[in-house]
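For reference, the structure is listed below as C-alpha cells.
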Amino acid sequence: TGTFFYKNFGLEKSLTRFYSDFCANNIDKLKMFGHYSILLLIDDKIHIINDSLGIYRVYSNKGIISTSFLATWFSSNGRLSLNKDALIEKIITGYITYPDTLVNEVLDITYANFKKEDITKIHYHLDDLMTASSDTINFQYDELIKYFNRIFNITNNKEISLGLSGGYDSRL
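If you read the sequence shown in our numbering, its first letter stands for residue 10, the second for the next number, and so on.
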C-alpha cells in the first residue's frame, strides 16, 4: 500500500529489486523512500516493512491482515468488544498507542516484527544549521525540491496524480 521507491527505480522495478535484496539480506535502507507498507510472506513468516514515519498502519484480526482498520473490523463474524482504555487514550491524547485499537479483537501490528535498530529515521539538527528563520525556510524549500526531483526523475516525465487534502502539507 502507498508509494514506494527503491534505489531510484520506478514502482515495479523497485518492488522486484527490494524483494531480491530483502531475500539476500542486503537491503539499502537509505535508498528506500516514499510512504508505504509492504507485507511479504517468505517461508511462512510475515514481514512488515514500513516507511520510517509509519504512515500506513497494519492491523490484524484472527489471521486477517490489512492496512485498513475497517477491513479487519468487518472481517469479524461476531461482535467486537470496545477497548475502553484505548477509547479514553484517544479522547485524552488524540492517539492510541501501539498495539491497541478501539476494539480488543483488532491489533495494530505495524511494527510487530521490527527491532528498534531496524527502523531508519533521518534527523536534521536544525539548531546547528540555521541562524535565522529565512535560512530555515530556504533549507526546507531546498529539501522539498530535492525530494520531489527524485520522484520526477523516476517517473520519466510521465504525468502522475496526487490527491491533496488541503492541509498544511498540501499548501507547501
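For every residue, glycine included, the Cβ atom is placed at its ideal position computed from N, Cα and C.
### Query
Who pairs with S29 in a beta bridge, going by DSSP?
Note: S29 sits in no beta bridge, so no partner.
### Query
Who does I58 pair with in a DSSP beta bridge?
I47
### Task
Determine the burial state of F27: buried for a count of at least 16 other Cβ atoms within 10 Å of its Cβ, exposed for fewer.
buried
### Query
Between N86 and I74, what straight-line distance do the alpha-carbon atoms span, to the nearest angstrom?
15 Å
### Query
For F42, which option in S23, A80, Q149 and T119 has the closest C-alpha, if you only look at C-alpha atoms?
S23
### Query
Taking just the CA atoms, how far does I160 sit from L153?
11 Å
### Task
State buried or exposed for D37, treating a residue as buried only when at least 16 other CB atoms are found within 10 Å of its CB.
exposed
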